[in-house]
Amino acid sequence: MKLTTIALVFTLSISSVAAQAEGSTQHSGQASKHSVLAVGHGAVSTAKVASTVVAVPLVVAGSVALSAGAASVQTGASIANSGSRHTHHGPLVITETTITADPAPNKVIVIQKKQTVIQSH
Amino acid sequence: MKFINIVILLALFSLPTWAGSQANKQAVIAPEKIVKFAKDVEKYAAAHGARAFIIARVGRPEKDLPKGIHYTHTAIAVYSNIQLTNGETAQDYAIHNLYQVDGQSNRSQLVQDYPVDFFWGAQTLKAGIIIPSEEIQTRLIDLIANGKNTDLHNPKYSVIANPMNSQLQNCTEHTLDMINAAIYQSTDIEKLKANTRAHYTAQRVRTSRFKLMFGSLLMDDVTTKDHKGKIATATFGSIHKFLDQYQLAQLGVTFYADGETITL
């Protein structure tokens, strides 16, 4: 009996410690984050939050910012070359919007359902 | 029986709980504080004209981190044109990460997210920031924009991967590999590893053999099989030392929630 108990405690404890070490699962964490950001709790509601379609690295040349793809097409040269010819030293413009990655499709549904429930109250 | 109990207790308290490259952990800090901190980090980097920079977070309680290791996750942030789902386009940083696969901790995948996602699971609102030289920034952008960073990805994951070879990889080693790819303008991994061995000094992992033994026995993402002799791995701090040594870093700081910065 004692051995069984010890084995059980051992297994459960290892599971919990290992889980702590590995962190929470990707999508459960995402769902929670998106629930908070989407619904807006406390001060978060004052921040504009947006999800994204796509992000393209920018090549900044002086005051002109080109998307990496556009720069490649237009110049026919590598981005490294175009960048080295136009060294940028000044501050960059950053959006005030908080941008977040989209959660997995099944989690989007869960979040949407939560929002509906909250809105209906 | 007593002996077994002691061994079990030792094993449980000895597991290395300090590392890992987990995506999207549950927030332990108030979300509004994370949102503000993430935006403050972005603004700091933007104010310094950083088009690409190395970013790190503390994903474990700092008291659990081994001596000499101050961050648990490192990646590269790139100033990007971001198309939003509402139709607008914004300029901000996109972060290019290597994260462990959900439910498969000894495997990794490349994931792009944003600062608020990056810091969501942070245990402390503290960011490591290294802004490389202009040339390295441009080459990192080139590497990522052309998708060549994926050539450097090894999905076999270990928390304490040895950066001197390509057997296993973690988030910081992947970041180091990208930096070396930018320096040598090559994605030939053997060439990059030869240069890593010649010019880079990894951080010794000062934790007990006992911990590592139980870790490797009980946790899929902890193994010493790619090491010979003393255990050393890539860290944010050792990457800064490397770039600084070869005059390839413009700026290296620890950025805190109150806006204070401490030079590395």
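Residue numbers (our numbering), protein chains in the order written: chain E, 1 to 121; chain V, 122 to 385.
Ideal Cβ positions, reconstructed from N, Cα and C, are used throughout, including at glycine.
Query: Those residues which DSSP pairs with residue 170 (chain V) across a bridge; Result: Looking at the DSSP assignment, residue 170 (chain V) forms no beta bridge with any residue, so it has no partner.
Query: Short CB-CB distance (under 8 Å) between residue 284 (chain V) and chain E; Result: no
Query: Straight-line Cα distance separating residue 99 (chain E) from residue 50 (chain E); Result: 5 Å
Query: Proximity winner among V:206, V:239 and V:263, relative to residue 57 (chain E) (alpha-carbon distances); Result: V:263
Query: Candidates V:324, V:322, V:198 and V:205, of which the one nearest residue 266 (chain V) by Cα; Result: V:198
Query: Below-8 Å beta-carbon distance, residue 201 (chain V) vs any chain E residue; Result: yes
Query: Residue 183 (chain V) at chain E interface by Cβ criterion, 8 Å; Result: no
Query: Distance between beta carbons of residue 322 (chain V) and residue 349 (chain V), contact taken as under 8 Å; Result: Not quite, the Cβ-Cβ distance comes to about 16 Å (not below 8 Å), so this is no contact.
Query: Distance between beta carbons of residue 283 (chain V) and residue 301 (chain V), contact taken as under 8 Å; Result: The pair is not a contact, with the Cβ atoms about 15 Å apart (cut-off 8 Å).
Query: Counted within 10 angstroms of its Cβ, other Cβ atoms place residue 53 (chain E) as buried (16 or more) or exposed; Result: exposed
Query: Whether residue 378 (chain V) touches residue 246 (chain V) by CB criterion (8 Å); Result: yes
Query: Limits of the unbroken beta strand (DSSP E) element including residue 240 (chain V); Result: It is not in any beta strand (DSSP E) - residue 240 (chain V) carries neither H nor E in the DSSP assignment.
Query: Nearest candidate by alpha-carbon position, reference residue 380 (chain V), set V:360, V:204, V:355 and V:168; Result: V:168
Query: Members of the stretch 221-245 of chain V that neighbour chain E once the beta carbon cut-off is set at 9 Å; Result: 221, 222, 223, 224, 226, 232, 233, 234, 235, 236, 237, 238, 241 and 242
Query: Whole-number beta carbon distance between residue 230 (chain V) and residue 222 (chain V), since they are thought to touch under 8 Å; Result: 5 Å
Query: Close beta carbons around residue 143 (chain V), own chain, < 7 Å, minus the five adjacent residues each side; Result: 180, 220, 221 and 242
Query: Proximal residues to residue 345 (chain V) (C-beta, below 8 Å), its chain only, five neighbours per side dropped; Result: 281, 333, 337 and 352
Query: Secondary structure of residue 27 (chain E), DSSP reduced to three states; Result: With a pLDDT of only 40 at residue 27 (chain E), under 50, the local geometry of the prediction cannot be trusted, and the value read off the model is given with reservation. Residue 27 (chain E): helix per DSSP, three-state reduction.
Query: Residue span of the beta strand (DSSP E) that contains residue 196 (chain V), given as start and end; Result: 194-205
Query: Beta-carbon proximity list for residue 73 (chain E), same chain, < 8 Å, skipping 5 on both sides; Result: Because the pLDDT of residue 73 (chain E) is 34, which lies under 50, any placement of that residue in the model is unreliable, and the number read from its coordinates should be weighed accordingly. Around residue 73 (chain E): no qualifying Cβ.
Query: Below-8 Å beta-carbon distance, residue 149 (chain V) vs any chain E residue; Result: no
Query: Residue 172 (chain V) classed as buried or exposed, judged by whether at least 16 other C-beta atoms fall within 10 angstroms; Result: buried
Query: Euclidean distance between Cα positions of residue 373 (chain V) and residue 255 (chain V); Result: 14 Å
Query: Among E:36, E:94 and E:37, the one whose alpha carbon lies nearest that of residue 161 (chain V); Result: E:94
Query: Touching by the beta-carbon criterion (3+ pairs, under 8 Å), the stretch 267-280 of chain V and the stretch 289-305 of chain V; Result: yes
Query: Residue-chain proximity (residue 290 (chain V), chain E), Cβ-Cβ < 8 Å; Result: no
Query: Three-state class that DSSP yields for residue 165 (chain V) in the structure shown; Result: helix
Query: Same chain, Cβ closer than 7 Å to residue 77 (chain E), neighbours up to 5 away in sequence not counted; Result: Confidence in residue 77 (chain E) is poor, its pLDDT being 37 and thus under 50, which makes the residue's placement unreliable; the coordinate value appears in the next sentence. Hits under 7 Å: none found.
Query: Rounded straight-line distance, which links the Cα of residue 271 (chain V) to that of residue 308 (chain V); Result: 10 Å
Query: Inter-residue spacing [alpha-carbon to alpha-carbon] between residue 371 (chain V) and residue 365 (chain V); Result: 8 Å
Query: Minimum length 4: unbroken alpha helix (DSSP H) runs contained in the stretch 250-329 of chain V; Result: 255-266, 292-305 and 310-320
Query: DSSP state of residue 361 (chain V) mapped onto helix, strand, coil; Result: helix
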